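In our numbering, each residue carries its 1-based index in the sequence shown increased by 16.
Don't be surprised by glycine CBs; every beta carbon is placed ideally from N, CA and C.
It should be emphasised that the depicted structure is a prediction, and the values quoted were computed from it without experimental measurement.
The next block holds one structure in the form of structure tokens; read it before the comments.
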Amino acid sequence: MLLSGSIRRFDLASVLQFLAQEHATGIIEVRDFDEFGFIYLIEGRVQAISLPMTDEKLGTRLLRAGLLTEQQLSEVLMADTLLSKEEKKAKPLGQRLLDKGYITADQVRDIMAKQTLDQVFALAHWQNGVFEFDESETMPEFTIRITGSVQELLLDAYRRIDEGEMMKTTKTVVDNEVCFGCPIESECSDGIKEKYLKSDVCLWRRMGAIIDDDYERVQDAQKLYKSREANARPKLQTALDSDGSLDLDS
């Protein structure tokens with residue numbers, strides 16, 4: 017991983033502009049409370065965007081254009097349930113339809129270009145979540161390439177926002193990502209939050225805001241915090257119970 021962070025602190029538009037200026041090649045993974053997806057960049061230009069939870073929108077457009085049958089689309093979407101995240105990352109829906117021989121590159125290119133504009137418009141509304149950028153050693157070989165300019169895609173998105181266009185779906189926006197949906201919130205207190213709640217991680221419950229599976233990162237943050245606290249306030253004594261919970265009275 018070369019670059020990662022909170023979308024609340026670094027919006028996706030700024031991240032995309034930075035990577036475009038650096039002519040970066042790699043994959044941006046984005047996740048929030050409603051969706052996850054991938055943005056594929058080659059030399060700073062967008063080659064494709066995949067939002068697996070809403071990829072059926074491409075299929076719907078192909079159906080309406082008479083380029084795909086409902087049976088063909090259902091077959092590919094059903095097969096999606098057996099794919100791992102890495103497999104979906106390697107081949108977006110349009111590429112999988114092409115591999116099946118259900119569509120041609122020329123048929124889908126214009127429709128995918130329009131969908132890419134809509135996807136960037138949707139991503140411009142993201143206020144929560146995280147992003148991770150990796151320079152993948154094996155970038156997917158896209159037979160269908162959009163090759164979109166980041167600047168042009170963002171200009172279109174913000175023009176639509178300025179004109180008052182609304183998203184078709186509602187995004188979940190929360191004031192505090194770390195506390196959102198916390199299973200032990202009833203046991204928490206203002207004192208605990210003041211002491212252990214950081215910008216994107218809770219050292220008390222040892223969990224991150226979105227990346228709950230990234231346990232080692234949280235442990236490292238907790239050790240670093242404890243080390244700094246010990247240096248600054250050597251008389252402070254904080255103990256962990258045998259079950260791993262913090263004993264604030266010891």
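With 16 or more other Cβ atoms from the protein chains shown falling within 10 Å of its own Cβ, R24 counts as buried. Boundaries for S152: no alpha helix (DSSP H) harbours it, and the DSSP string shows neither H nor E there.
Note that the C-beta distance between V217 and G60 is not below 9 Å. Counted as a single uninterrupted DSSP element, the stretch harbouring V31 is not any beta strand (DSSP E) but the alpha helix (DSSP H) occupying residues 28-37. Within the DSSP bridge table, the entry for I55 names I44, I65 as partners. In the structure shown, the three-state DSSP call for L213 is strand. For S22, there is no enclosing alpha helix (DSSP H); the enclosing beta strand (DSSP E) covers residues 19-22. In the same chain as A138, and ignoring 5 residues on each side of it, the C-beta atoms closer than 7 Å to its own belong to M183, in chain order.
Taking 9 Å as the cut-off, the beta carbon of D50 is found closer than this to the beta carbon of K187. Contact check for F149 against L18 passes: the beta carbons are separated by less than 9 Å.
Sequence-distant partners of I119 (beyond 5 residues in either direction) whose C-beta falls short of 7 Å from its own C-beta, in its chain, are L78, L83, L84, L113. For S205, the number of other beta carbons within 10 angstroms of its own is below 16, and it is reported as exposed. With contacts defined as CB atoms closer than 9 Å, Q63 and T154 fail to qualify as a contacting pair. For the set V92, L171, E203, Q111, the Cα lying nearest the Cα of D134 is the one of L171. Around the Cβ of M94, a 10 Å sphere holds fewer than 16 other Cβ atoms; the residue is exposed. DSSP places G164 within a strand segment (E or B) once states are collapsed to three.
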